[in-house]
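Colleague: Can you read through this structure? Questions will come right after.
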Amino acid sequence: MKLRLLLFVFMFSAAIVAFSDRFEKDSPDKAFVLAAADGGMLEVKLGELATKNASMAKCKEFGEMMIKDHTKVNDELKALASKKQIAIPGKLTTAKQQMYDSLSAQTGEKFDMLYMNMMIASHEETIGLFQTESNKGKDPDFKKWADAKIPALKHHLEMAKGLFPAASKGTGN
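Pasting the structure below:
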């Protein structure tokens, strides 16, 4: 529990640092797009790691689902952002890259536990981001798109929460 809280605090503070300077002059909708794209890219990259480094079959399967689902969502976001003339960077922010790097150094049972913990924290953060856009965004297209993605994100979160106990004990193949 302490690890999850510590990870969440790290992710949240890193996200604030990574985006605070960049968005002072940008619209909240653009900030949402960039944050959502960064998170989506991370989900895919971490999913790729899971397919290689996880020891539990269910963690590998979850990683495959993250690759498939978030690649689709990322492509949708890129298309919508392009219509709005918002360029999405092709690489992770420093904070997200650090998260990737820390997980990529792990294998086996430790990887499983940390990956599922990251998935819980990441999806909680992403749901908050999407709910904020859905409720307070200015662009109707982004608001509608964000609102439509919340149920799938909540489903991913529940699945990650369901896998975490087995991953943290090193069981559950």
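Under mature numbering (1 follows the signal peptide of the UniProt record, and there is no 0), read the sequence shown as residues -20 to -1, 1 to 153, first letter to last.
Using N, Cα and C, we set each Cβ at its ideal position, and we do this for glycine too.
(1) Expressed to the nearest angstrom, what Euclidean distance is found between the alpha-carbon atoms of A147 and K38?
(2) Can you list, in chain order, the residues of its chain whose CB lies under 7 Å from that of V53, leaving out five sequence neighbours each side?
(3) Comparing alpha-carbon positions, which option in D55, F12, S62 and L29 lies nearest Q43?
(4) Give every residue of the same chain whose Cβ lies closer than 6 Å to the Cβ of H136, excluding the five residues on either side of it in the sequence, and list them in chain order.
(5) Under a three-way DSSP split, which group does A37 fall into?
(6) Over the uninterrupted alpha helix (DSSP H) stretch that includes A140, give me the two end residues.
(7) Which residues bound the alpha helix (DSSP H) around I107?
(8) Can you have a look at K10 and say buried or exposed, based on whether 16 or more other CB atoms are within 10 angstroms of its CB?
(9) Please confirm if the stretch 93 to 101 is in contact with the stretch 63 to 70, defined as three or more CB-CB distances below 8 Å between the two stretches.
(10) Grab the span of the alpha helix (DSSP H) containing K76 for me, first residue to last.
(11) Buried or exposed for residue 188, please, with buried defined as at least 16 other CB atoms from any protein chain shown within 10 angstroms of its CB.
(12) Going by C-alpha to C-alpha distance, which of K134, W125, F144 and L143 sits closest to A59?
(13) With a threshold of 7 Å between beta-carbons, can L83 be considered close to chain B, or not?
(14) Around the Cβ of D81, are there at least 16 other Cβ atoms within 10 angstroms (buried) or fewer (exposed)?
(15) Whole-angstrom Cβ separation of L22 and L72, contact assumed at under 8 Å?
(16) Is K48 buried or exposed, if buried means 16 or more other CB atoms sit within 10 Å of its CB?
Modeller: In short, the structure shows the following:
(1) The residue labelled residue 147 in the question sits at position 167 within the sequence shown. The residue labelled residue 38 in the question sits at position 58 within the sequence shown. If you take the alpha carbons of A147 and K38, they lie about 9 Å apart.
(2) Working through the sequence shown from its first residue, we reach residue 53 at position 73. Taken in chain order, the residues that qualify are G20 and K129.
(3) Against the sequence shown, residue 43 aligns to sequence position 63. Rather than Gln, the amino acid found at residue 43 in this sequence is Gly. That would be L29, whose Cα lies nearest to the Cα of G43.
(4) Reading the sequence shown from its first residue, position 156 is the one you call residue 136. H103, listed in sequence order.
(5) Residue 37 sits at position 57 when you count from the first residue of the sequence shown. Helix at A37.
(6) As a first step, residue 140 must be located in the sequence shown, where it is residue number 160. Taken as a continuous stretch (DSSP letters only), the alpha helix (DSSP H) holding A140 covers P120 to K149.
(7) Looking up residue 107 in the sequence shown gives position 127. Its alpha helix (DSSP H) spans residues G88 to K116.
(8) The sequence position of residue 10 within the sequence shown is 30, counting from 1. Buried.
(9) no
(10) One-based indexing of the sequence shown puts residue 76 at position 96. From DSSP, the alpha helix (DSSP H) with K76 extends over T74 to S84.
(11) Since the first and last residues shown for the chain are -20 and 153, residue 188 lies out of range.
(12) Residue 59 sits at position 79 when you count from the first residue of the sequence shown. If we check each option's Cα against that of A59, W125 comes out closest.
(13) No chain B appears in the structure shown, which is made up of a single protein chain.
(14) Looking up residue 81 in the sequence shown gives position 101. Per the 10 Å Cβ criterion, exposed.
(15) Here residue 22 refers to the residue found at position 42 of the sequence shown. Here residue 72 refers to the residue found at position 92 of the sequence shown. Right, their Cβ atoms sit about 6 Å apart.
(16) On the sequence shown, residue 48 is found 68 positions in, with the first residue counted as 1. Answer is exposed; the Cβ neighbour count stays below 16.
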